[in-house]
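Working notes, beginning with the structure itself.
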Amino acid sequence: MQLLEALNYMGPNRRFDCTAIEMLLQFDSSELEVLRNHVGTLCEPLRKTLEVAGVELPDGFLAVPADTDAARALGGIFCQTCIALQRWAGHEVAQWQVLPGSGESQQRFIYQHEERSTAEKAGDTVMLLLVQQLPGLVWTSRTGIIDTDAAAMLRQFETLARPLAMPRDTLDIIAAARSLDVPCVRLERDPYQPLPGPQRIRANSLLMLGHSRHRQVVDGTICVTRSHQLLPLLHDRNSRLGTLQSMGLGNPVVSENGPIRSALLAAQKLVCIDGSEAFGDPRVSAHLEQIAQQFPCGLLLVTYVEERGERPVNVQDLDFAPRLDSLPLPGNEIRKRAAEAFIQWIFPAGTESRIPSIVVTGTNGKSTTTTMVDHIMRHHGLVTGVAYSSGVKINGVTTETGDLAGLMGHYRVFESPEPQVAILETARGGVAQRGFAFDWCDTAVCLNVDDDHIGLLGIDTVEQMAELKCSIVARARNTAVLNADDRHCRDMIKKIEARNVCLVSTQQDVQALRDQFPGIHHFCVTEHISNEDWLVFYQRQGRVPLVQTANIPATSRGRLTHNVINAAHAAAAALETGVPARQVASALRSFKLDADTLLGRWNELEGLPFKVIFDYAHNEHGMRHLVTALDQFEIGGTRRVAFAYTGDRGDETTRAAMRALKPGFDKFLVTEFEDLRGRNRHEMRDIVRAALIAVGVEGEDIEEFNSEDEAVKSGLHASRPGDLLVVLGGKLSMRRIWQQLCDYRDQFQDLI
43 MQLLEALNYM GPNRRFDCTA IEMLLQFDSS ELEVLRNHVG TLCEPLRKTL
93 EVAGVELPDG FLAVPADTDA ARALGGIFCQ TCIALQRWAG HEVAQWQVLP
143 GSGESQQRFI YQHEERSTAE KAGDTVMLLL VQQLPGLVWT SRTGIIDTDA
193 AAMLRQFETL ARPLAMPRDT LDIIAAARSL DVPCVRLERD PYQPLPGPQR
243 IRANSLLMLG HSRHRQVVDG TICVTRSHQL LPLLHDRNSR LGTLQSMGLG
293 NPVVSENGPI RSALLAAQKL VCIDGSEAFG DPRVSAHLEQ IAQQFPCGLL
343 LVTYVEERGE RPVNVQDLDF APRLDSLPLP GNEIRKRAAE AFIQWIFPAG
393 TESRIPSIVV TGTNGKSTTT TMVDHIMRHH GLVTGVAYSS GVKINGVTTE
443 TGDLAGLMGH YRVFESPEPQ VAILETARGG VAQRGFAFDW CDTAVCLNVD
493 DDHIGLLGID TVEQMAELKC SIVARARNTA VLNADDRHCR DMIKKIEARN
543 VCLVSTQQDV QALRDQFPGI HHFCVTEHIS NEDWLVFYQR QGRVPLVQTA
593 NIPATSRGRL THNVINAAHA AAAALETGVP ARQVASALRS FKLDADTLLG
643 RWNELEGLPF KVIFDYAHNE HGMRHLVTAL DQFEIGGTRR VAFAYTGDRG
693 DETTRAAMRA LKPGFDKFLV TEFEDLRGRN RHEMRDIVRA ALIAVGVEGE
743 DIEEFNSEDE AVKSGLHASR PGDLLVVLGG KLSMRRIWQQ LCDYRDQFQD
793 LI
């Protein structure tokens with residue numbers, strides 16, 4: 043068995059609403075033959091092995107339909123056993139799935155995890171157990187397990203896994219947060235690291251509840267951000283006793299009036315006494331709640347003895363972070379109610395725990411649209427948090443660079459205390475590999491779906507790509523904004539459960555859209571008004587002309603049709619999130635798409651006698667838009683393009699991109715990126731040359747270079763007044779190439 047791909051979903055994802063491991067396995071013909079002949083004999087010996095080791099097995103364990111294909115049957119056995127091992131070690135998991143890969147020889151095994159290393163060790167252990175039963179299979183341990191006898195491997199797994207399990211009361215707090223719709227991030231799980239140290243309350247229990255300015259941190263059962271003044275007392279009983287005496291609440295000398303008792307209070311209300319909801323003397327209950335009101339904590343365990351006289355309770359100790367799972371509570375209901383009261387104490391009724399979130403996805407235009415939405419929101423006076431392909435920005439200031447258009451960048455925004463609204467570019471790769479940093483969003487935008495990145499991460503067709511994009515948009519609760527001119531986006535409508543769908547079109551009028559989609563009432567379209575093209579927004583309340591497309595600087599007086607489309611989606615997203623139409627229009631009129639705003643998105647370099655455009659068009663869809671845009675400009679001289687093409691695209695995809703690029707240029711300066719994406723040196727450059735010739739470019743019009751810098755330098759030196767040079771930059775080299783262009787411009791101006 044060969045492991046082709048291993049994915050670690052760190053949040054809700056395209057498969058489940060929980061963290062999970064996904065493995066793509068390849069079986070050779072001999073292994074498939076072994077499985078066909080013997081997979082049916084696996085279950086009983088495996089069950090006995092697990093039972094001897096003390097692994098508790100659920101009803102229906104290893105239930106695999108008899109007509110299941112052999113490799114798929116193995117997947118069912120594997121995943122169920124991985125779940126059983128994790129549960130045995132105290133990890134709360136349940137979900138699994140087996141999906142086909144490419145043909146019978148490939149299968150995807152997917153199973154839930156609560157902690158990644160435990161899940162990986164479980165997978166390794168189970169595989170080695172299966173290989174022992176079926177010697178015709180081959181598996182190499184990924185986690186260092188020595189293939190010994192079954193009992194030793196299971197003991198090794200248990201030794202690793204049990205200390206990593208989350209406490210029961212932490213799981214109750216997570217469940218309570220979910221039921222009360224409070225976002226919860228586990229801060230000792232991927233992508234975060236465990237935080238050891240004497241200051242910690244309890245291992246595996248650190249949580250972030252709420253987003254950004256509403257966020258609170260919980261360790262064990264204490265909210266350390268709300269109860270920080272109590273932290274010095276947690277591990278110092280003498281200080282606690284001194285505090286009790288100074289407040290007149292207790293005396294450490296135990297009287298003989300009764301036994302020592304313990305009372306659990308949540309949100310200053312009595313939950314139980316000695317595990318019972320029968321409270322007895324109401325004076326005792328009232329006094330315990332008065333005591334709880336003296337301390338800023340959501341959960342409190344009071345150890346006391348009852349007294350006769352004016353004060354019915356003599357407090358012996360207080361625990362501000364009680365371990366609910368160690369209390370003698372009958373059943374789980376009291377513990378669950380206490381966890382819910384704890385969450386409600388942190389976020390009282392009427393208190394926000396989330397900030398509005400706008401998610402932007404699509405094949406092309408994501409970063410531009412995200413940046414437009416950011417500009418609109420800041421123009422409206424809101425503090426923004428943006429995660430996109432160039433990094434993270436808080437209110438327009440870059441705090442981190444790199445491609446953060448996914449879970450990692452989204453968490454950075456939610457961690458930051460400043461943002462009032464999150465604008466989250468959400469790219470295919472991040473979702474396919476890691477999942478989501480959010481359970482739902484307010485508004486989601488899908489700009490388009492094209493065949494870029496096909497053949498990667500379990501996405502082999504455009505339809506599967508559309509399913510992935512739809513899994514993003516389907517998380518919108520308020521509005522899904524969809525491109526009505528893209529058939530894959532239109533097909534998403536039936537899967538959307540948001541309150542509203544807003545359709546965007548630059549090709550169809552509003553009546554045509556209403557006729558096609560009678561249940562939809564929100565639209566953003568272009569209309570010709572008084573000899574000018576306008577963006578116009580429709581909703582139930584009526585029609586609102588927003589702004590002339592020629593007055594949006596990013597559209598270059600309306601000539602960049604792809605940015606008209608992006609602006610329409612950005613406007614719709616902002617309007618659906620509550621920004622007034624006047625503010626949206628004003629913001630778009632002031633939005634300039636230059637290198638400082640968003641590098642690589644139609645940046646025009648001024649100051650040379652020929653036209654230079656720097657862009658990030660990197661696939662057929664983007665190149666088609668680029669050439670369409672160039673047709674709107676008068677270029678009297680030679681048109682050159684300096685570019686490379688990414689190495690992980692197939693030959694047909696490359697030819698399609700070159701076919702889209704060909705009509706726009708006379709000369710092609712071909713190079714290759716530093717990151718070869720698995721190709722040999724010059725291999726991709728040669729493939730691009732062959733693709734250009736295949737689509738009709740003459741060989742004499744193609745020049746080849748060893749680096750992007752050389753290609754750009756040649757293009758600059760060859761260009762004459764009236765010419766055009768388009769440079770298509772790669773993500774990793776973008777800033778360097780732009781600086782090269784600027785340096786040449788500066789040197790030229792020094793000479794004149």
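Numbering (the working numbering) for the sequence shown: 43 to 794.
Just so you know, even glycine gets a beta-carbon here, dropped at the ideal spot from N, CA and C.
None of these values were measured; they are calculated from a predicted model.
Among the options, nearest to residue i - alpha-carbon criterion
i, options, result
"D527", "V567, G738, I562, N542", "V567"
"P177", "V491, D785, H80, I655", "H80"
"V739", "H759, R727, F710", "F710"
"N748", "L718, R762, G741, A760", "L718"
"P236", "L206, V224, S221", "L206"
"S513", "D261, D59, C544, Q310", "D59"
"G427", "I397, T405, T403", "I397"
"V97", "H611, V515, Q553, V168", "V168"
"F362", "V730, G262, S221", "G262"
"H256", "I496, G679, A486, P459", "P459"
"T185", "H563, E162, A193", "E162"
"V712", "R723, T696, F685, Q553", "F685"
"T603", "L196, V586, F652, H663", "H663"
"H258", "Q287, P225, E200", "Correcting the residue type first, residue 258 is Gln in the shown sequence and not His. Cα-wise, what sits closest to Q258 is P225."
"R379", "A219, E134, L196, S756", "A219"
"A469", "I436, E745, H570, A508", "A508"
"A305", "F321, G290, N406, L291", "F321"
8 Å Cβ cutoff met for residue i and residue j
i, j, result
"R643", "L766", "no"
"I400", "T212", "no"
"P233", "L449", "yes"
"T345", "I315", "no"
"R228", "L249", "yes"
"R56", "V504", "no"
"V415", "A612", "yes"
"D638", "L770", "no"
"L783", "V654", "yes"
"T597", "L577", "no"
"G764", "F675", "no"
Residues that DSSP places opposite residue i in a beta bridge
i, result
"G284", "Its beta-bridge partners do not exist; DSSP assigns none."
"Y346", "R303, V357"
"H495", "According to DSSP, H495 bridges with nothing at all."
"C265", "V260"
"A48", "M65"
"S318", "I315"
"E162", "Per DSSP, none; premise fails for E162."
"Q581", "G584"
"F656", "N645, V769"
"S547", "V567"
"G145", "G143"
"E574", "I571"
"V712", "F685, E746"
Same chain, Cβ closer than 6 Å to residue i, neighbours up to 5 away in sequence not counted
i, result
"Y453", "A479"
"A203", "A131, T160"
"G165", "C124"
"L758", "Y786"
"N542", "T521, H564"
"L49", "E64, Q475"
"V586", "F579, A623"
"A334", "L307, Q310, L342"
Sequence-distant residues of its chain with Cβ nearer than 7 Å to residue i (five each side left out)
i, result
"G317", "L369, P370, L371, P372"
"G433", "T440, E442, T443, G444, L446"
"A429", "L446, A447, G451, H452, R454, V455, L466, E467"
"R244", "P209, D261, G262"
Environment of residue i [buried if 16+ CB atoms lie within 10 Å]
i, result
"K536", "exposed"
"L46", "exposed"
"L307", "buried"
"H530", "buried"
"A115", "buried"
"M419", "buried"
Close-in-space but distant-in-sequence residues of the same chain around residue i (CB under 8 Å, 5 per side omitted)
i, result
"S632", "H417, H421, P595"
heavy atom of the ligand FAD below 7 Å from residue i C-beta
i, result
"D492", "No copy of the ligand FAD appears in this structure; indeed no ligand is present at all."
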